[in-house]
Amino acid sequence: MKTIAKSNPVFVAKEDVCDTAGKVLKLKQMNENIKATAKAIYDKVSPAFEKQYGITLTAGLAKILELNLKQKSPNELRKERRHHYTQIKTDIENQLRETAFERLVVVKRSYL
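The C-terminal residue of the sequence shown carries number 222 in our numbering, and the numbering is unbroken.
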């Protein structure tokens with residue numbers, strides 16, 4: 111019976127759900143540990159950084175472009191999204207131009 115039960119999709123799905131739930135709990139705990147550790151590091155380094163440079167550590171880190179910590183304004187986000195859409199549209203139009211002859215040949219063959 112145990113062998114048959116192992117091949118039953120219901121029991122397999124139950125085991126998968128239990129495994130996934132365990133992984134989610136571990137992930138949440140790990141995220142909490144990461145946040146706590148990062149906060150502890152920030153609390154230790156921030157006063158010394160602020161004393162030496164006269165700005166907060168957060169402001170200093172925001173100046174590093176690779177971290178992407180600076181919040182973009184809604185206008186900047188809109189502009190970026192429009193640029194992305196325009197780029198995709200241009201790419202599609204270029205691909206259509208490049209393959210127009212091939213598509214025309216295929217259509218003509220289908221009528222013959």
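All C-beta atoms, glycine included, are put in the ideal place defined by N, C-alpha and C.
Does the Cβ-Cβ distance between residue i and residue j come in under 7 Å?
| i | j | result |
| --- | --- | --- |
| L167 | S156 | yes |
By the DSSP assignment, the alpha helix (DSSP H) with residue i in it spans what residues?
| i | result |
| --- | --- |
| C167 | A quick correction: the sequence has Leu, not Cys, at residue 167. L167 to A172 is the span of the alpha helix (DSSP H), which, as asked, contains L167. |
If you draw a straight line from the alpha carbon of residue i to that of residue j, how long is it in whole angstroms?
| i | j | result |
| --- | --- | --- |
| S183 | L137 | 32 Å |
| Q205 | T196 | 14 Å |
| E212 | H194 | 28 Å |
| R207 | Q181 | 39 Å |
| A146 | Y152 | 10 Å |
| M140 | N185 | 36 Å |
| F159 | R192 | 39 Å |
| E142 | Q162 | 30 Å |
| L214 | I198 | 23 Å |
| K165 | K189 | The residue you asked about is not Lys; residue 165 is Ile in the sequence shown. Roughly 30 Å separates the two Cα atoms. |
| L175 | D201 | 28 Å |
| I144 | E203 | 46 Å |
| V169 | L177 | It is worth fixing the name first, because residue 169 is Ala in this sequence and not Val. Distance between the alpha carbons of A169 and L177 is about 12 Å. |
Any chance the CB of residue i is under 6 Å from a heavy atom of the ligand MG?
| i | result |
| --- | --- |
| A146 | This structure lacks the ligand MG; in fact it carries no ligand of any kind. |
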